[in-house]
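Trainee: Under the working numbering, residues 19 to 106 are what the sequence shown spells out, in order. Every residue gets a Cβ at the ideal spot worked out from N, C-alpha and C, and that includes glycine. Model, not experiment: these values are computed from the prediction.
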Amino acid sequence: MKIKEIMNNVNDFFSEHVAPPHKITSVEAAEDEGWKVRVEVIEEKEYMKKYAKDEMLGTYDVILNKEKEVTSFTRRDVRFRSAIGVEQ
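So this is what it looks like as structure tokens:
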């Protein structure tokens with residue numbers, strides 16, 4: 019199962035280097051035989067608990083190569099968790 023392996027690789031990478039993913043919202047094949055993934059992460063959870071009423075969600079675009087390794091990621095958006103998100 020390629021998609022399950024891709025999702026596990028993204029989860030492992032984000033858990034180690036950014037923050038544990040809240041949700042993976044899309045997995046798409048890229049033109050170069052790699053993969054594009056969109057993932058939501060709860061940003062600075064402890065800080066937000068202490069100073070805000072709502073958690074912030076960061077939306078990231080992640081690129082994986084054909085070996086299913088994360089090669090890059092970019093944060094596209096940050097919003098309150100309770101806000102209705104608009105996918106771009």
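DSSP state of Ser44, grouped into three classes?
Mentor: Residue mapping note: residue 44 aligns to position 26 of the sequence shown, counting from 1. It is a strand residue.
Trainee: Please report the residue range of the alpha helix (DSSP H) in which Glu34 lies.
Mentor: In the sequence shown, the residue the question calls residue 34 occupies position 16. Start and end: 20–35.
Trainee: Can you name the start and end residues of the beta strand (DSSP E) that Gly76 belongs to?
Mentor: As a first step, residue 76 is located in the sequence shown; it is residue number 58 there, counting from the start. It spans 74–82 - the beta strand (DSSP E) in which Gly76 sits, taken as one unbroken run.
Trainee: Keeping to the same chain, check which residues put their C-beta closer than 8 Å to that of Arg97; ignore five residues upstream and five downstream.
Mentor: As a first step, residue 97 is located in the sequence shown; it is residue number 79 there, counting from the start. Around Arg97: Met74, Leu75, Thr77, Gly103.
Trainee: Checking 8 Å against the spacing of the C-beta atoms, do Asp79 and Arg56 come in under that value?
Mentor: Residue 79 sits at position 61 when you count from the first residue of the sequence shown. Residue 56 sits at position 38 when you count from the first residue of the sequence shown. In contact: Asp79 and Arg56 (Cβ atoms closer than 8 Å).
Trainee: In chain order, what residues of the same chain lie with their CB nearer than 7 Å to the CB of Val45, ignoring the 5 residues before and after it?
Mentor: Walking along the sequence shown from the start, residue 45 turns up at place 27. For Val45, where only same-chain residues beyond five positions count, the Cβ hits under 7 Å are Ile21, Ile24, Met25, Trp53, Val55.
Trainee: Hey, Val88 and Val36: beta-carbon distance below 8 Å or not?
Mentor: Your numbering for residue 88 matches position 70 in the sequence shown. Your numbering for residue 36 matches position 18 in the sequence shown. No, the Cβ-Cβ distance between Val88 and Val36 is not below 8 Å.
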